[in-house]
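**Q**
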Amino acid sequence: MILYTMVPYESIFYEDTQPSGNVRTIDVDGAMVIVEEMSSSEYKVVRLISSNPRHYLESRFAPGTVIYAKPQL
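So for the sequence shown, numbering that gives the first Met the number 0 puts the first residue at 0; every next one is plus one.
This is the structure:
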């Protein structure tokens, strides 16, 4: 089936793809990243929000990648 529409895929074929945990937006080296908190010092990347194409080529911003927070002094 081919569906020609401007409506987003998620609106037509609904799936429960929303992160289940605590979701927040953080800045990682100039890139805005939506992360899901796994523990107090671990965050899993959900989505990258950046206008810099180089950020999308970096594997550390790939969805599913775990980011470790630096301890606050």
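Glycine included, each C-beta is placed from N, C-alpha and C at the ideal position.
These figures come from a predicted structure and were not determined experimentally.
Which residues in the same chain have their Cβ closer than 6 Å to the Cβ of Ala68, if we skip the five residues on either side of it in sequence?
**A** Ser40
**Q** What's the gap between the Cα of Val44 and the Cα of His54?
**A** 13 Å
**Q** Under 7 Å Cβ to Cβ from Leu47, same chain only, skipping five residues before and after it: list those, please.
**A** Ala30, Val32, His54, Tyr55 and Phe60
**Q** Quick check on the burial criterion: 16 or more other C-beta atoms within 10 angstroms. Buried or exposed for Val34?
**A** buried
**Q** Return the first residue and the last residue of the alpha helix (DSSP H) that Tyr92 is part of.
**A** No answer is possible for residue 92: the residues shown for the chain start at 0 and end at 72.
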